[in-house]
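J.:
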Amino acid sequence: MARDYYEVLGVDRGASAQEIKSAYRRVAVQHHPDKNPGDQQAEERFKEAAEAYAVLSDPEKRSRYDRFGHRGVNGGGGPAFDPAAFGDFADIFGDLFGFGDLFGGRRRGGPRAEPGSDLRYDLEISFEEAAFGCSRQLEIPRLETCAECVGSGARRGTEPVSCPACGGRGQVRFNQGFLTVARTCPQCRGEGRVVRDPCPECRGEGRVEKRRNIEVQIPAGVDHGARLRLAGEGEHGRHGGPRGDLFVVLHVAPHEEFGREGHHVLAEVEVTYAQAVLGASLTVPTLHGEQTLDLPPGTQPGQEFRLRGLGIPRLGGRGRGDHVVHVRLTVPKAGDLSEERLTLLRQLAELEGSAVKADRSVLDRVKELFS
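Heads up: the sequence shown runs through residues 0 to 370, numbered per numbering that gives the first Met the number 0.
Right under this line is the structure:
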């Protein structure tokens, strides 16, 4: 005797349509012949689950089954399982086992629309262009719908014909156990039609390569590695499919004087020992022109000073970062100093009690006196 359909799928009688569908997929995947080659019992369980789902997924059949049992759906004759009733299991299995239509259902609606591919363009811009934004013209090679055949691939005045290998279904069928399995037709590649007289412009492909000039607006404040998406500027789709997108990847060239940390500009300023000790008023370059930087007395090497709001604009116009100046102490070479400056430095060392090397020129003069 046939088992209760609810028991086969492991659901109760009040189960929703979605619960029945999920239960069927779970059982079918577990007992699918591809996962259990040569297992007759698994094949029977798979067939049993398909029979149960055929009834319980149909509201009218389910109602009759609930009232009259198996006799309500098959009249007491053969099984309720009918492969022809399962025209498309793609919504249940997807491409789990390498084919979308387990029972060889007919492909619908002509060739399937295919979206165009996305494209990538690497663009190098300067430090200033990244900071303040700019407009650039790009030359993009891409596949576009052939104007001669309007994407059909056939010579003007002709039309593609039904594929003789699959009869226009886009699929070829073969038997696998008790199933009739459908796979994509290798001759028409699933389109269900073939081009007998190809378009001379695109050679039957329906698309041709074109080079287009596209203007891209780069907003102020972008950073290295940023991606700009230009919707619909990628390759054209096939058979009416949507266009892909163009992604512009930005590469910011390094600056000779400035670095960057987020929206802050990083810079260095060299100061002498006297400027660090006594303080100084310096003129420093920024992205927004020369500015005055006041160093207080006792400035230490490595100390940082911020010029507020003189950095890089934030994306969306929410203010600007800062210009951060790092102080670097400049130590001159002894050969670059005059005798007077050397003397003063030795006097300073004596006042500080700092040990320094002896004055070689004095020793040399003493040796000359006794030579």
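Ideal Cβ placement from N, Cα and C applies to all residues, glycine included.
If you draw a straight line from the C-alpha of G320 to the C-alpha of T183, how long is it?
T.: Translated into the one-based positions of the sequence shown, residue 320 becomes position 321. Translated into the one-based positions of the sequence shown, residue 183 becomes position 184. Going from the Cα of G320 to the Cα of T183 covers about 57 Å.
J.: Applying the criterion that 16 or more other CB atoms from any shown protein chain within 10 Å of the CB defines a buried residue, is H30 buried or exposed?
T.: For the purposes of this step, residue 30 is taken as residue 31 along the sequence shown, with counting starting at 1. It is buried - the Cβ of H30 has at least 16 other Cβ atoms within 10 Å.
J.: Might you give, ordered along the chain, the residues of its own chain that have their beta carbon closer than 7 Å to the beta carbon of V72, omitting 5 neighbours on each side?
T.: Indexing the sequence shown from 1 puts residue 72 at position 73. Excluding residues within five positions, the ones whose Cβ falls inside 7 Å are V54, K60, R63, Y64 and A79.
J.: Spell out the partners DSSP gives F173 in its beta bridges.
T.: Stepping through the sequence shown from its first residue, residue 173 is reached at position 174. Bridge partners of F173: V180.
J.: Taking just the CA atoms, how far does V270 sit from V324?
T.: The count along the sequence shown starts at 1 and reaches residue 324 at position 325. The count along the sequence shown starts at 1 and reaches residue 270 at position 271. The straight-line gap from Cα to Cα measures roughly 12 Å.
J.: Does the beta-carbon distance from G150 to G231 come in below 8 Å?
T.: Counting from 1 along the sequence shown, the entry for residue 150 is found at position 151. Counting from 1 along the sequence shown, the entry for residue 231 is found at position 232. In this structure, G231 does not lie closer than 8 Å to G150 by Cβ.
J.: From G156 to K209, what does the alpha carbon distance come to, in whole angstroms?
T.: As a first step, residue 156 must be located in the sequence shown, where it is residue number 157. As a first step, residue 209 must be located in the sequence shown, where it is residue number 210. G156 and K209: Cα-Cα distance of roughly 24 Å.
J.: Starting from the Cα of R211, find the closest Cα among A16, K20, Y120 and E351 and give me that residue.
T.: Within the sequence shown, numbered from 1, the residue matching residue 211 stands at position 212. Residue Y120 is the option with its Cα nearest to R211.
J.: Pairing CB atoms from the stretch 251–270 with CB atoms from the stretch 152–172, are three or more of them under 8 Å?
T.: Verdict: no, contact absent.
J.: My output table needs one value for K209: the three-state DSSP class, helix, strand or coil.
T.: Here residue 209 is taken as the residue at index 210 of the sequence shown, counted from 1. Three-state DSSP puts K209 in a strand.
J.: With 16 as the cutoff for other CB atoms within 10 Å, does G352 come out buried or exposed?
T.: Counting from one through the sequence shown, the residue named residue 352 turns up at place 353. It is exposed - the Cβ of G352 has fewer than 16 other Cβ atoms within 10 Å.
J.: Apart from the five residues just before and just after V251, which ones in its own chain have a Cβ nearer than 7 Å to its Cβ?
T.: Counting from one through the sequence shown, the residue named residue 251 turns up at place 252. So the qualifying residues of the chain are I124, F126, A129, D222 and H223.
J.: Does the count of Cβ pairs from the stretch 41–55 and the stretch 7–20 closer than 8 Å reach three?
T.: yes
J.: Out of L265, A153 and P296, point me to the one whose CA is closest to S280's CA.
T.: Within the sequence shown, residue 280 is the residue found at index 281, counting from 1. Shortest Cα-Cα distance from S280 to any of L265, A153 and P296 involves P296.
J.: Quick one: Cα of R313 to Cα of E349, how far?
T.: Numbered from 1 along the sequence shown, position 314 holds the residue referred to as residue 313. Numbered from 1 along the sequence shown, position 350 holds the residue referred to as residue 349. The straight-line gap from Cα to Cα measures roughly 53 Å.
J.: Any idea if F45 is buried or exposed, counting beta-carbon neighbours within 10 angstroms, 16 or more meaning buried?
T.: Translated into positions along the sequence shown, residue 45 becomes position 46. Classification of F45: buried, given that the 10 Å Cβ count is 16 or more.
J.: Helix or strand or just coil, what does DSSP make of Q40?
T.: Locating residue 40 in the sequence shown gives position 41, counting from the first residue. Of the three classes helix, strand and coil, the one that applies to Q40 here is helix, per DSSP.
J.: Is D244 closer than 8 Å to G233 when the C-beta atoms are compared?
T.: Numbered from 1 along the sequence shown, position 234 holds the residue referred to as residue 233. Numbered from 1 along the sequence shown, position 245 holds the residue referred to as residue 244. Yes, the pair counts as a contact, with Cβ atoms nearer than the cut-off.
J.: For C133, which residues does DSSP report across the bridge?
T.: Within the sequence shown, residue 133 is the residue found at index 134, counting from 1. For C133, which the question treats as bridged, DSSP gives the partners I217.
J.: Quick check on the burial criterion: 16 or more other C-beta atoms within 10 angstroms. Buried or exposed for A181?
T.: For the purposes of this step, residue 181 is taken as residue 182 along the sequence shown, with counting starting at 1. Classification for A181: buried.
J.: Report the residue ranges of all beta strand (DSSP E) runs contained in full by the stretch 314–348; include only those spanning at least 3 residues, in chain order.
T.: 322–328
J.: What are the boundary residues of the beta strand (DSSP E) that L265 is part of?
T.: Within the sequence shown, the letter at position 266 stands for residue 265. Start and end: H263 to V270.
J.: Helix, strand or coil for A16 per DSSP?
T.: Here residue 16 refers to the residue found at position 17 of the sequence shown. Correct three-state label for A16: helix.
J.: Can you give me the start and stop residues for the alpha helix (DSSP H) that G71 sits inside?
T.: For the purposes of this step, residue 71 is identified with residue 72 of the sequence shown, where counting begins at 1. Looking at the DSSP string, the run of the alpha helix (DSSP H) that includes G71 is R70 to N73.
J.: Going by beta carbon distance, what residues of the same chain come within less than 8 Å of S56, once the five residues before and after it are set aside?
T.: Within the sequence shown, the letter at position 57 stands for residue 56. The answer, listed in chain order, is A16, I19, K20 and Y23.
J.: Would you grab the beta carbon distance between E200 and V194 for me? Rounded to a whole angstrom, and I think it's under 8 Å.
T.: Taking the sequence shown and counting its residues from 1, the one referred to as residue 200 is at position 201. Taking the sequence shown and counting its residues from 1, the one referred to as residue 194 is at position 195. Not confirmed; about 13 Å, so no contact.
J.: Rounded to whole angstroms, what is the Cα-Cα separation between P82 and D196?
T.: For the purposes of this step, residue 82 is taken as the residue at position 83 of the sequence shown. For the purposes of this step, residue 196 is taken as the residue at position 197 of the sequence shown. Residue confidence is low: P82 scores 46 on pLDDT, short of 50, so the model does not pin down where it sits. Its coordinate-derived value is still stated next. Spanning the two alpha carbons is a distance of roughly 38 Å.
J.: For L292 versus V264, is the C-beta spacing smaller than 8 Å?
T.: Position 293 of the sequence shown, counted from the first residue, corresponds to residue 292. Position 265 of the sequence shown, counted from the first residue, corresponds to residue 264. Against a cut-off of 8 Å, the Cβ pair of V264 and L292 comes out as no contact.
J.: Which of helix, strand or coil does DSSP assign to R2?
T.: Numbered from its first residue, the sequence shown carries residue 2 at position 3. Three-state result, R2: coil.
J.: Taking the alpha carbon of I139 as the reference point, which residue from L118, V326 and G152 has its own alpha carbon closest?
T.: Indexing the sequence shown from 1 puts residue 139 at position 140. It is L118 whose Cα lies nearest to the Cα of I139.
J.: Would G308 pass as a contact of G115 if the rule is Cβ separation under 8 Å?
T.: Here residue 308 refers to the residue found at position 309 of the sequence shown. Here residue 115 refers to the residue found at position 116 of the sequence shown. No, Cβ-Cβ distance for G308 and G115 is not below 8 Å.
J.: For E42 and P32, which I take to be in contact (beta-carbon distance under 8 Å), what is that distance rounded to the nearest angstrom?
T.: Along the sequence shown, read from residue 1 onward, the residue named residue 42 stands at position 43. Along the sequence shown, read from residue 1 onward, the residue named residue 32 stands at position 33. Right, their Cβ atoms sit about 5 Å apart.
J.: Could you tell me which of C198, A1 and G68 sits nearest to A48, measuring between CA atoms?
T.: Counting from one through the sequence shown, the residue named residue 48 turns up at place 49. Looking at the Cα atoms, A1 is the closest of the given residues.
J.: On the DSSP bridge assignment, give the partners of G150 in chain order.
T.: For the purposes of this step, residue 150 is taken as residue 151 along the sequence shown, with counting starting at 1. Beta-bridge pairing links G150 to no other residue.
J.: Relative to the C-alpha of F67, which residue among Q40, D3, N35 and A14 is closest?
T.: Sequence index remark: in the sequence shown, residue 67 carries index 68 (1-based). Closest by alpha carbon: D3.
J.: Would a C-beta distance cut-off of 8 Å place S161 and E214 closer than the cut-off?
T.: The residue you call residue 161 lines up with position 162 of the sequence shown. The residue you call residue 214 lines up with position 215 of the sequence shown. No; because the gap between Cβ atoms is not below 8 Å, this pair is not in contact.
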